[in-house]
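Note sheet for the following structure.
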Amino acid sequence: MFSIQKIFISPTILTNGVIMRIVFLGPPGSGKGTQAQVLSQKLHIPQISTGDLLREGVDQNTAIGQKAKEYMEKGGLVPDSIVIELVRERIKDENSFILDGFPRTITQAQQLNRLLSRMNMPLDCVINIDIPLEPLIERLSGRLTCKSCNAIYHKTYNPPQKEGICDVCGGELYQRSDDTEAAITHRFETYKAQTEPLISFYSSKNILITIDGTQSIDDIAQKIEQEVTQYQRS
Ligand code: AMP
Numbered sequence: 506m507f508s509i510q511k512i513f514i515s516p517t518i519l520t521n522g523v524i525m526r527i528v529f530l531g532p533p534g535s536g537k538g539t540q541a542q543v544l545s546q547k548l549h550i551p552q553i554s555t556g557d558l559l560r561e562g563v564d565q566n567t568a569i570g571q572k573a574k575e576y577m578e579k580g581g582l583v584p585d586s587i588v589i590e591l592v593r594e595r596i597k598d599e600n601s602f603i604l605d606g607f608p609r610t611i612t613q614a615q616q617l618n619r620l621l622s623r624m625n626m627p628l629d630c631v632i633n634i635d636i637p638l639e640p641l642i643e644r645l646s647g648r649l650t651c652k653s654c655n656a657i658y659h660k661t662y663n664p665p666q667k668e669g670i671c672d673v674c675g676g677e678l679y680q681r682s683d684d685t686e687a688a689i690t691h692r693f694e695t696y697k698a699q700t701e702p703l704i705s706f707y708s709s710k711n712i713l714i715t716i717d718g719t720q721s722i723d724d725i726a727q728k729i730e731q732e733v734t735q736y737q738r739s
């Protein structure tokens, strides 16, 4: 919800350049994208957002973008096979990454496990941002995103200094086409039915970290950093 240049980044307690593979889970509007960006900057490992990759495909009118567009605009999920292929291609040369918005279904999680075990690089931890769904509609309907750098703002709670312009890079801000009330409602239903079951999936693997998502952005970022440290392999 908030542009990351305004976030206080605490003195790093995690070693820079660590090798870690992390997944962020949470409902739409929970702040997982913001927290994934903060952690990515702290650890110097790439944040991979399937939503951003798919939106890029739609903007550039690629074959994947053309297939994904309709699902995304309605707030539904893009078919597993498309998203899994996108992730496989994106991570094939990485040994560290933060996945934001993937996996979103049990099938995606199982396929990710298979892929990572073939590459001999298992997930280190999964961060679940726990937050009630009700207040999130307001957050999402006021959200603004930068077309160039994907920094996130809110019309009321975190407006840019100059209307419509990104504070970080001067890019143009826009409202996502799936941040309408109908699409938001559908995204919540989809989250409940398809993505929430991943909480017990990863809990049973003992790699789940649950974070209270109702706190301030800085507090959440610090909690995440403390927790993630414990999953860092030496
Ligand atoms: P996000 O930016 O994460 O909110 O994603 C925006 C939209 O992209 C979602 O509502 C889905 O339509 C699509 N999407 C992103 N990630 C996935 C995924 N892992 N599986 C299926 N669809 C996805």
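So for the sequence shown, this note's numbering puts the first residue at 506; every next one is plus one.
We put the beta carbon where it would ideally sit given N, CA and C, even for glycine.
Tell me the DSSP bridge mates of residue i?
i      : result
Asp605 : Phe529, Ser554
Ile716 : Ile634
Asn663 : His659
Glu686 : BP columns for Glu686 are empty, so no partner.
For the ligand AMP, I want to know if residue i counts as a neighbour, meaning its beta carbon is within less than 7 Å of at least one of the ligand's heavy atoms.
i      : result
Gly580 : yes
Gly606 : yes
Pro551 : no
Thr539 : no
Ser554 : yes
Gln613 : yes
Met525 : no
Val673 : no
Asp564 : no
Phe679 : The sequence as given places Tyr at residue 679; Phe does not occur at that position. No; taking the cut-off as 7 Å, the Cβ of Tyr679 has no heavy atom of the ligand AMP nearer than that.
Just to confirm my understanding: we take residue i, look at its own chain, exclude 5 residues before and 5 after, and list those with CB closer than 8 Å. What are they?
i      : result
Pro665 : Ser508, Leu649, Tyr658, Cys671, Asp672, Leu678
Gly647 : His659, Lys660, Thr661, Tyr662
Lys574 : Val563
Measure how close the beta-carbons of residue i and residue j come, nearest whole angstrom, since I'm counting them as under 8 Å.
i      : j      : result
Ile596 : Ile527 : With 8 Å as the limit, Ile596 and Ile527 do not qualify as a contact, their Cβ atoms being about 12 Å apart.
Leu582 : Arg609 : 6 Å
Lys652 : Gly676 : 5 Å
How far does the alpha helix (DSSP H) with residue i in it extend, from its first residue to its last?
i      : result
Tyr658 : Per DSSP, Tyr658 belongs to no alpha helix (DSSP H); it is in the beta strand (DSSP E), 657-659.
Gln737 : It is not in any alpha helix (DSSP H) - Gln737 carries neither H nor E in the DSSP assignment.
What are the boundary residues of the beta strand (DSSP E) that residue i is part of?
i      : result
Thr650 : 648-651
Ignore the nearest five residues each way along the sequence and tell me which others in residue i's own chain have a CB closer than 7 Å to its CB.
i      : result
Phe607 : Thr555, Val588, Val592, Gln613
Thr719 : Ile636
Cys630 : Ile527, Ile712, Ile714, Val733, Tyr736
Asp557 : Asn655
Less than 6 Å between C-beta atoms, sequence neighbours within five positions excluded: which residues of the same chain meet that for residue i?
i      : result
Gly531 : Lys537, Ile634
Phe513 : Annotation note: pLDDT 40 at Phe513 (below 50); position unreliable, coordinate value reported separately. Excluding sequence neighbours, Phe513 sits near Asp723.
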